[in-house]
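Asker: Below is one structure. I have some questions about it.
Numbering (the numbering used here), first residue to last: 1 to 310.
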């Protein structure tokens, strides 16, 4: 064997070794199992280190844990009152096919069960979302809607916190159309702790963006809500400076009113005043002064024959 051939064999062996290491090196950091509290509306998380090393087996292991009663008698495994018929992983999306008994859960129990399952699987870095099916058909929630692929940020709750104050709300949100010059509306059902202002939930959901491809994000995803209060039917919103940069391909007016219109859909709000880092003299996307207040703008909304729900 000549020197060149030897080098090639060494490199080939090294590649195989590194490939094997990569396969065995699935990121196990931050993985948690989410359980339901027995007899109370609550969820509790526990750190978990999978025994498996490769991606597919880790996902299988997490699904199995969701079906096994934990040692703590005060906790309950999410998948107990119904059966898991099958599971499939395609890319970073896990599809779960559940038995018909899943629809027998109460509205509160169902949402908390879904929250625990989605948060458990998505705590693994190689899972971005979970799609639910029941007896081979797309899952429909209590409103008769198909939530589609679900991610953890669709479920707003406080870990280790009792959820007696839990509420389920259907929000009317606004996002951008394909050209970014008009708004399209969407409905989204979220679960949240009523100790958190509903106005904040609305803004954070707008920042998160739409779930489907019928609409487009309007606000810079790095935007953060510093605080929000409502007095005399006016909502005062304080955002960080990232909000000023807007979203590429979306007009300033479209982006601004995606927040204003979404907030004004709440019955307690008639107008919105936005500040940035506490400053009301800021100019949004270098074109709209934020010094005044804003009201619902229906002229900027692109009306469609049928409103999609996302």
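Every residue gets a Cβ at the ideal spot worked out from N, C-alpha and C, and that includes glycine. This structure is a prediction, so every number in the text was calculated from the model and none was measured.
What does the Cβ neighbour count give for residue 247, buried or exposed, with the cut at 16 atoms within 10 Å?
Answerer: Flag for residue 247 reads buried.
Asker: Look at the Cβ atom of residue 129, then the Cβ atom of residue 151, and state whether they are nearer than 9 Å.
Answerer: Going by C-beta atoms, residue 129 is nearer than 9 Å to residue 151.
Asker: Taking residue 45 as part of the beta strand (DSSP E), name the residues at either end of that continuous run.
Answerer: Start and end: 43–47.
Asker: So is residue 258 buried or exposed if we call it buried at 16+ other beta carbons inside 10 Å?
Answerer: Residue 258 is buried by the Cβ-count criterion.
Asker: With DSSP collapsed to three states, give me the class of residue 143.
Answerer: If DSSP states are grouped into helix, strand and coil, residue 143 belongs with coil.
Asker: For residue 291, which residues from the same chain have a beta carbon less than 8 Å from its beta carbon, with the 5 sequence-adjacent residues on both sides left out?
Answerer: Closer than 8 Å at Cβ, skipping near neighbours: 280 and 281.
Asker: Roughly how far, in whole angstroms, is the beta-carbon of residue 35 from the beta-carbon of residue 75, given that I think they are within contact range, below 8 Å?
Answerer: Residue 35 to residue 75, Cβ: 4 Å. Contact.
Asker: For the candidate residues 141, 30 and 270, whose alpha-carbon lies nearest to that of residue 295?
Answerer: Residue 295 has its Cα closest to that of 270, out of 141, 30 and 270.
Asker: From what residue to what residue does the beta strand (DSSP E) around residue 231 run?
Answerer: Per DSSP, residue 231 belongs to the beta strand (DSSP E) from 225–231.
Asker: With DSSP run on the structure shown, which of helix, strand or coil describes residue 189?
Answerer: Here residue 189 sits in strand by DSSP.
Asker: Among 80, 200 and 206, whose alpha-carbon lies nearest the alpha-carbon of residue 184?
Answerer: Among 80, 200 and 206, the Cα nearest to that of residue 184 belongs to 206.
Asker: Should the stretch 172–182 be called in touch with the stretch 215–227, which here means at least 3 C-beta pairs below 8 Å?
Answerer: Because the criterion of three Cβ pairs below 8 Å is met, the stretch 172–182 and the stretch 215–227 touch.
Asker: Quick check on residue 282: does DSSP put it in helix, strand or coil?
Answerer: Coil, per DSSP.
Asker: I believe residue 66 touches residue 79 by the beta-carbon criterion, under 8 Å. Please report the beta-carbon distance rounded to the nearest angstrom.
Answerer: With 8 Å as the limit, residue 66 and residue 79 qualify as a contact, their Cβ atoms being about 5 Å apart.
Asker: So, under 8 Å CB-CB, residue 49 and residue 94 are touching, yes? Tell me the CB distance rounded to an integer number of Å.
Answerer: The pair is not a contact, with the Cβ atoms about 19 Å apart (cut-off 8 Å).
Asker: Tell whether a beta-carbon distance below 9 Å holds between residue 30 and residue 125.
Answerer: The answer is yes: Cβ separation under 9 Å.
Asker: Name, in chain order, the residues that DSSP records as bridge partners for residue 34.
Answerer: DSSP output for residue 34 lists 45 as bridge partner(s).
Asker: Tell me which residue opens and which closes the alpha helix (DSSP H) that residue 114 is part of.
Answerer: From DSSP, the alpha helix (DSSP H) with residue 114 extends over 107–122.
Asker: Is residue 268 buried or exposed, if buried means 16 or more other CB atoms sit within 10 Å of its CB?
Answerer: When all chains shown are included, residue 268 counts as exposed.
Asker: Please say whether residue 112 and residue 43 have beta carbons closer to each other than 9 Å?
Answerer: For residue 43 and residue 112, yes; Cβs fall inside 9 Å.
Asker: Pull the bridge partners of residue 29 from the DSSP assignment, please.
Answerer: In DSSP, residue 29 forms no bridge with anything.
Asker: Any idea what DSSP makes of residue 303, helix, strand or coil?
Answerer: Looking at residue 303 - three-state DSSP - the assignment turns out to be coil, as it is neither helix nor strand.
Asker: So for residue 243, helix, strand or coil by DSSP?
Answerer: If DSSP states are grouped into helix, strand and coil, residue 243 belongs with the helices.
Asker: Measuring straight from C-alpha to C-alpha, what distance separates residue 140 and residue 131?
Answerer: Spanning the two alpha carbons is a distance of roughly 11 Å.
Asker: Quick check: the Cα distance between residue 288 and residue 58, rounded to an integer number of angstroms?
Answerer: Going from the Cα of residue 288 to the Cα of residue 58 covers about 49 Å.
Asker: Using DSSP bridges, identify the partner residues of residue 238.
Answerer: Partner(s): 227 and 275.
Asker: Can you check which of these residues, 98, 221, 298 and 256, is closest to residue 237 by C-alpha distance?
Answerer: Out of 98, 221, 298 and 256, 256 has the C-alpha closest to the C-alpha of residue 237.
Asker: In this structure, how does DSSP classify residue 200 when only helix, strand and coil are distinguished?
Answerer: In the structure shown, residue 200 sits in a helix (DSSP, three-state: H, G or I).
Asker: Ordered along the chain, which non-local residues of its own chain (more than five positions away) have a Cβ less than 6 Å from that of residue 297?
Answerer: Same-chain partners within the cutoff: 257.
Asker: Compare the C-alpha of residue 195 against each of 167, 208 and 179 and name the closest.
Answerer: That would be 167, whose Cα lies nearest to the Cα of residue 195.
Asker: Per DSSP, residue 131 forms a beta bridge with which residues?
Answerer: Paired residues: 95.
Asker: How many Å lie between residue 285 and residue 242 at the Cα?
Answerer: Their backbone Cα atoms lie some 10 Å apart in a straight line.
Asker: Just grab the DSSP bridge partners of residue 89 for me.
Answerer: The partner list for residue 89 (beta bridge, DSSP) reads 94.
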